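Written out below as C-alpha cells is the structure these notes cover.
Number of protein chains: 2
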Amino acid sequence: MNGRPHVVVVGGGFGGLYCGKALRNARVRITIVDRRNHHLFQPLLYEVATAALSPADIAEPIRRIFSRQANAEVLLGEARRVDTEKQQLHLADGVLDYDYLVLATGMTHSYFGNENWQAHAPGLKSVDDALEMRRRFLLAFEQAERETDDDTRRAKLTFVVIGAGPTGVELAGTMSEIARRAIPRDFRSIDTTTARVLLIEGTDRVLPTFDAKLSAKAQQQLEALGVEVRLNSFVTDIDDAGVTIGNEQVAAENVFWAAGVRATPIVETLGIELEKDGRVPVRGDLTIPGHNNVFVIGDLAHCRAPETGTDVPGVAPAAIQMGKYVARILARRALGDDGQATPFRYRDKGMLATIGRARAVGSVFGLHLSGTIAWLGWALIHIFFLIGFRNRIIVVLRWAWAYLVFQRGARLITGDVDQPIRKQSKPVREAK
Amino acid sequence: MNGRPHVVVVGGGFGGLYCGKALRNARVRITIVDRRNHHLFQPLLYEVATAALSPADIAEPIRRIFSRQANAEVLLGEARRVDTEKQQLHLADGVLDYDYLVLATGMTHSYFGNENWQAHAPGLKSVDDALEMRRRFLLAFEQAERETDDDTRRAKLTFVVIGAGPTGVELAGTMSEIARRAIPRDFRSIDTTTARVLLIEGTDRVLPTFDAKLSAKAQQQLEALGVEVRLNSFVTDIDDAGVTIGNEQVAAENVFWAAGVRATPIVETLGIELEKDGRVPVRGDLTIPGHNNVFVIGDLAHCRAPETGTDVPGVAPAAIQMGKYVARILARRALGDDGQATPFRYRDKGMLATIGRARAVGSVFGLHLSGTIAWLGWALIHIFFLIGFRNRIIVVLRWAWAYLVFQRGARLITGDVDQPIRKQSKPVREAK
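First to last, the protein sequences are chains E and H. The first sequence begins at 1 in the working numbering and counts up one residue at a time. The second sequence begins at 1001 in the working numbering and counts up one residue at a time.
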C-alpha cells in the first residue's frame, strides 16, 4: 500500500463515508479521520432527542464500516489545521501527510453572534447534543409535576423550538405529540396535554427550502398536533426567563435551537476566502481555488449548480453524491489520469420532512406527497440508507412499537439529574 | 386517597419496585421517590458497559411502570435524611410526611477508604457508570492503535478487573471475548487478541458466594476465554501507571472496580447502629429497631435467615421477595391488622453468573449447571424479569445478533472524546 497516493478524508459523516467506501477498489491508501468513533445517521437524531431511539440505533463505528476494506485505515483524532503548502493535516496530537485531502467536517451550530444563547438553547448535531436535549425535555415534565407555583409550572411546560427547517419541524411536531399522546397518563399533578410548543421561524413559511404548497401542508399538520407556528418572527433574546420574540416575552424554560449553522472552524486554515457562513466556495470539481488536491464536500461546500445557478442544498443526498463524485476523480488520478473532470452535478431526487407519528411532507421525483404516504416513503428511505443491518431491524421495531402503543422507548434521564436546567425547582410540597 | 395511610418507598430498584407494585390493591397511598427517572435492570448493566446493549434496553421509566396504578405517585428527587420522630423524609428540595417508610436505596461503590482510587477505577452501578466504562474500554483500543511506544501500547491494552463476584466475572469474560473475537479485524496497527485481561480476587476462588465446584468451572471458562485469574491477591494501590497487586506492579491504563460496596449514606440518618459496611440490621419483619413503621429492604438490609443462620444474599431475587413481603404487611396494617408478622424467609431459587457469549455457571433449585445450558437458563430468567415487553424483544434480538455475528451493537464513544483517560496519547506518527 505504501507506494500508493495517500488520501486523507476528514469527517465520517455522509460525504466522507461514501467517499471512502467508493474508493474501495482504487489504487490509493485512505485514512479516515474523525473526532468521534462513529458515523451518525443525522436525519434521525431528533428521534434520539425525543426519546424514541437510542444513540446506538442510529450510529455505527466508522472502524467497523471500513473493517473489511484493506486500503482504508480509521483514526480517532481531531483535525485542527490544514497546511496546503506542505500537504499536511495537523491533528490535536499529531500530523498526517496527504497527497489528496477530502474535507467533510460539516457544519456546527451558529447563534449569529449571540453565543451566550447556547447555554439556554442547545442545538442538535451530535449524540451528546441529543442526549442533553432529551434530558431537558424529560426533566421539564418531572419538574413541572413537582412545581407548586402556577407561572413557573407554565414556563416549565412551554417548549420553544427556534427555526422551522426540517430539524425544527421534526422536533416541534414530535414534542407536541409526546406531550399530548404518549405521556399524559404517567403524571398525577400536571396535565401534559396543556404543554405549549412554539415553533419560531424568521421567513414567511415553515420548511422554507421546500415547495410552498408543502410548507402550507406541513404547517396544517403541525397545528393539528397542537404546535403554535410563528412565522416572520425573530428571536431577539434568550435568557433564564425565556425567549423574546420581537417585543413579546415568552416565559419558557425549554428552548431548543434549530436555526443557524456555520462551517466547522478548520476551513479557516485553508487560506482562501470563505462565504459569510464559513462555507468553502468550491470549483466545479469540488476542489478549492489554487489547490487541485484539496476537495471540500458535503454541507461544508458552497457549490452552485451550473445549469440552474442555484446552490446545491446542504442535505445528505448531496453529500453522498459529492463523496462518490470525488472518489471517481481520485480513482482516475491514482491511475495517472489528470484530465479535467466534468463538473459535479447534483441530482435532486426530492426531499422529505416528517412531522409526527406517521405524518410527513415531501416531494419525490417532482411528485408532492403529504400525510401517511409521505411518512411511509420517508421511513423506507431512511431505513434504506441507515448503515448496518442490525440497526435497520431495531429501528423498524422501535417505530412499529411507537406506532402501535404511542410510547417512546428511551425515556431515560441520564447525566447529572441534580444539575439544574435553569434554576432549582421549589420545594416539592410542604410538610403537613 | 387522602384518608389512606401514606407509604413512602425510597428507591426504584428491584425491592422498591416490587413493593410498590404489590401494593396495587392495598388501601394505601404510595409515593415512590428516586433520584433517577428510571428503574435499571442492574444484572445486565455490564452488557451496556461492554457495548452490547443500549441503556434504554435495560431501563424503564418508573413513572411509566406505575402509570396505571391509581394509588401510586412517582417523584423524581434525592432523599437525604429520615426523621423517624416526625415521620418525615427530607429530600434535597422538599419534605415528605410518611406513615410508613420503605428504604430500598441499595448500595454504592466502596473503595475501602481509598476513595482516590475511584478516578482510576470506576465502578458499575448506574447508566452513567456503564457509559463511562464503555467509553474507557473502547477508547483504550483507539488510543493503542495510534500509540507508537511499545510499553505504553501494552499498558493501554491491559485491562484489570478488581473483584471476582458476578459483575467482575461478567466484565472480565466479556472484555476478553470482545478483544479476541469481536474486534480484531477492525484495527490495522494493533493485534487486539494480545490484549490482557486480569481478574483480581482477594479470596481463594472466583464467585466466592457460589458453590466451590461452580467456582472452579467458572475459572476454567474464564481462562479458556483468555482471562488471567489472580486469586488470593490484594490490590494495594491504583494510580496513573496501573495497579499494584501485593508487591507486583502491573502497568495498566484501564482498571475497573467490582470489589466493594457500602450502604447508601441515607441510612446513617436512621439513628441506629449499622453494620461495618453500613447495612441496616433489620428485625425479622424487616423493620428497624425502635420503629415498626420503617422498613429496610434489598441489599441495604442485613437480614439473617432464622433457620440457617446465614445472611440473606444481596441479590435481585432477595430484594424482590423482601419488597413483596413488606407489601403484604402494609396491606394488612392498612386494614387495621397490627398483629406480629411471621419473619421474612428467603427462598433461594439459585443463582447464575454468565461468563461470556453462551457460557455461564449456576445452581437452580439445587441443580448445578455450567456452559451453554446454564447460559440459556440465565438468558431466559433475565428476559423474564426484564420490565417492559418492548425491552424484552429488543434484548433477545440484540443477543441473537451478538451470538450470530460476534459483534457488539453499541460501540459508541460518547461524552468528551478529548478528555484524556490518564494522560494524553503521544503524537500519532511523525510527518515524513
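Glycine included, every Cβ here is placed at the ideal spot set by N, Cα and C. All of these numbers come straight from a predicted model, not from anything done at the bench.
Residue i burial status per 10 Å Cβ neighbour count (16 or more: buried)
i: Pro1055 of chain H; result: buried
i: Ile1373 of chain H; result: exposed
i: Ala410 of chain E; result: buried
i: Leu312 of chain E; result: Leu is not the amino acid found at residue 312 of chain E; the sequence shown has Val there. Buried: at least 16 other Cβ atoms inside 10 Å.
i: Gly1011 of chain H; result: buried
i: Met1001 of chain H; result: exposed
i: Phe1384 of chain H; result: exposed
i: Gln1219 of chain H; result: buried
i: Tyr100 of chain E; result: buried
i: Val1243 of chain H; result: buried
i: Leu1412 of chain H; result: buried
i: Lys1423 of chain H; result: Reliability of the predicted coordinates at Lys1423 of chain H is poor, the pLDDT of 35 falling under 50, and the value obtained from them is presented with this limitation in mind. Exposed: under 16 other Cβ atoms inside 10 Å.
i: Thr236 of chain E; result: exposed
i: Arg136 of chain E; result: buried
i: Ala1047 of chain H; result: This sequence places Glu at residue 1047 of chain H; Ala is not what is there. Buried, because 16 or more other Cβ atoms sit within 10 Å of the Cβ of Glu1047 of chain H.
i: Glu1430 of chain H; result: Only weak support exists for where Glu1430 of chain H lies, its pLDDT of 37 falling under 50; the value from the coordinates is given anyway. It counts as exposed.
i: Asn1037 of chain H; result: buried
i: Arg1029 of chain H; result: buried
i: Glu1201 of chain H; result: buried
i: Gly1336 of chain H; result: exposed
i: Pro61 of chain E; result: buried
i: Thr193 of chain E; result: exposed
Where the alpha helix (DSSP H) through residue i begins and ends
i: Pro1434 of chain H; result: Any answer about residue 1434 of chain H is impossible in this case: the structure gives chain H only from 1001 up to 1432.
i: Ile320 of chain E; result: 316-334
i: Thr433 of chain E; result: No statement about residue 433 of chain E is possible, as the shown extent of chain E runs from 1 to 432 and does not include it.
i: Ile1381 of chain H; result: 1372-1385
i: Gln143 of chain E; result: 127-146
i: Phe1014 of chain H; result: 1014-1022
i: Ala441 of chain E; result: For residue 441 of chain E there is no data in the structure shown, the boundaries of chain E being 1 and 432.
i: Arg1411 of chain H; result: Note, Arg1411 of chain H: premise wrong, no alpha helix (DSSP H); not H, not E.
Option in the options with minimal Cα separation from residue i
i: Leu76 of chain E; options: H:Glu1085, H:Glu1145, H:Asn1071; result: H:Glu1145
i: Asn25 of chain E; options: E:Val395, E:Val160, E:Ala327; result: E:Ala327
i: Ala1331 of chain H; options: H:Asp1093, H:Thr1354, H:Asn1293; result: H:Asn1293
i: Asp1211 of chain H; options: H:His1006, H:Glu1047, H:Gly1011, H:Gly1350; result: H:Gly1350
i: Gln340 of chain E; options: E:Ser363, E:Ile32, E:His382, E:Thr287; result: E:Thr287
i: Asp239 of chain E; options: E:Leu225, E:Val396, E:Ala70, E:Trp117; result: E:Trp117
i: Leu1352 of chain H; options: H:Ser1363, H:Val1007, H:Arg1345, H:Tyr1346; result: H:Ser1363
i: Arg230 of chain E; options: E:Gly415, E:Ile65, E:Val169; result: E:Val169
i: Val1102 of chain H; options: H:Val1048, H:Leu1091, H:Ile1032; result: H:Ile1032
i: Gly356 of chain E; options: E:Gln88, E:Ala263, E:Thr194, E:Thr50; result: E:Thr50
i: Val1315 of chain H; options: H:Phe1014, H:Asp1057, H:Gly1202, H:Val1028; result: H:Phe1014
i: Ala358 of chain E; options: E:Leu404, E:Phe344, E:Tyr346; result: E:Leu404
i: Phe295 of chain E; options: E:Thr310, E:Ala360, E:Glu253, E:Lys324; result: E:Lys324
Segment limits, beta strand (DSSP E) that includes residue i
i: Thr1244 of chain H; result: 1242-1245
i: Asp83 of chain E; result: 79-83
i: Ser215 of chain E; result: From DSSP, Ser215 of chain E is part of no beta strand (DSSP E) but of the alpha helix (DSSP H) over 212-224.
i: Gly1260 of chain H; result: 1260-1263
i: Thr1239 of chain H; result: Looking at the sequence shown, residue 1239 of chain H is not Thr but Asp. Start and end: 1235-1239.
i: Thr354 of chain E; result: 350-356
i: Glu248 of chain E; result: 248-251
i: Asp186 of chain E; result: No beta strand (DSSP E) holds Asp186 of chain E; DSSP gives it neither H nor E.
i: Asp34 of chain E; result: 29-34
i: Tyr111 of chain E; result: It is not in any beta strand (DSSP E) - Tyr111 of chain E carries neither H nor E in the DSSP assignment.
i: Val75 of chain E; result: According to the sequence shown, residue 75 of chain E is Leu rather than Val. That run of the beta strand (DSSP E) goes 72-76.
Chain-ordered neighbours of residue i on chain B, where CB pairs are closer than 8 Å
i: Gly1415 of chain H; result: Chain labels in this structure do not include chain B; the protein chains are E and H.
Worksheet item: Relative to chain H, which residues along the stretch 124-154 of chain E have a C-beta separation below 7 Å, given in chain order?
Response: Going along the stretch 124-154 of chain E in chain order, one finds Val127, Asp128, Leu138, Glu142, Arg146 with a Cβ nearer than 7 Å to chain H.
Discussion item. Give me the subset of the stretch 383-409 of chain E whose CB atoms are less than 7 Å from a CB atom of chain H, sorted by chain position.
Written reply: Answer in chain order: Arg390, Ile393, Ile394, Leu397, Trp401, Gly409.
Fill in: Against chain H: residues of the stretch 223-248 of chain E by CB proximity under 8 Å
For the stretch 223-248 of chain E, the set of positions with a beta-carbon nearer than 8 Å to some beta-carbon of chain H is empty.
Worksheet item: Which residues, in chain order, does the stretch 1084-1109 of chain H contribute to contact with chain E at a C-beta distance below 9 Å?
Response: So the close ones are Lys1086, Gln1088, Leu1091, Ala1092, Asp1093, Gly1094, Val1095, Leu1096, Asp1097.
Item to complete: Taking a Cβ distance cut-off of 9 Å, strictly less, list which residues of the stretch 183-200 of chain E are near chain H, in chain order.
Response: If the cut-off is 9 Å between Cβ atoms, the stretch 183-200 of chain E has Ile183, Arg185, Asp186, Phe187, Arg188, Ser189 near chain H.
Worksheet entry | At least three beta-carbon pairs within less than 8 Å, the stretch 1272-1287 of chain H to the stretch 1175-1191 of chain H | Contact between the stretch 1272-1287 of chain H and the stretch 1175-1191 of chain H is absent, because fewer than three Cβ pairs lie under 8 Å.
Discussion item. Under 9 Å, CB to CB, which of the residues in the stretch 1054-1068 of chain H have a partner in chain E?
Written reply: Within the stretch 1054-1068 of chain H, the qualifying residues are Ser1054, Pro1055, Ala1056, Asp1057, Ala1059, Glu1060, Pro1061, Arg1063, Arg1064, Phe1066, Ser1067, Arg1068.
Worksheet item: Going along the chain, which residues of the stretch 19-47 of chain E sit with their C-beta nearer than 7 Å to a C-beta in chain H?
Response: Taking 7 Å as the Cβ-Cβ cut-off against chain H, the residues of the stretch 19-47 of chain E that qualify are Arg35, Arg36, Asn37, His38.
Item to complete: Residues of the stretch 1156-1182 of chain H with a CB closer than 8 Å to any CB of chain E: list them in chain order, please.
Response: Residues of the stretch 1156-1182 of chain H with a Cβ closer than 8 Å to any Cβ of chain E: none.
Item to complete: Could you name the residues of the stretch 1331-1363 of chain H whose beta carbon sits closer than 9 Å to any beta carbon of chain E, in the order they occur along the chain?
Response: Along the stretch 1331-1363 of chain H, none of the residues has a CB nearer than 9 Å to a CB of chain E.
Fill in: Selection of the stretch 1263-1279 of chain H by Cβ proximity to chain E, strictly under 9 Å
Under the 9 Å Cβ criterion, the stretch 1263-1279 of chain H contributes no residue.
Worksheet item: Would the stretch 294-314 of chain E and the stretch 243-257 of chain E be scored as touching if the rule is three or more Cβ pairs under 8 Å?
Response: When C-beta atoms of the stretch 294-314 of chain E are compared with those of the stretch 243-257 of chain E, fewer than three pairs fall below 8 Å, so the two segments do not count as touching.
Discussion item. Under 8 Å: do the stretch 394-407 of chain E and the stretch 255-264 of chain E share three or more Cβ pairs, one atom per stretch?
Written reply: With fewer than three CB-CB distances shorter than 8 Å, the stretch 394-407 of chain E does not count as touching the stretch 255-264 of chain E.
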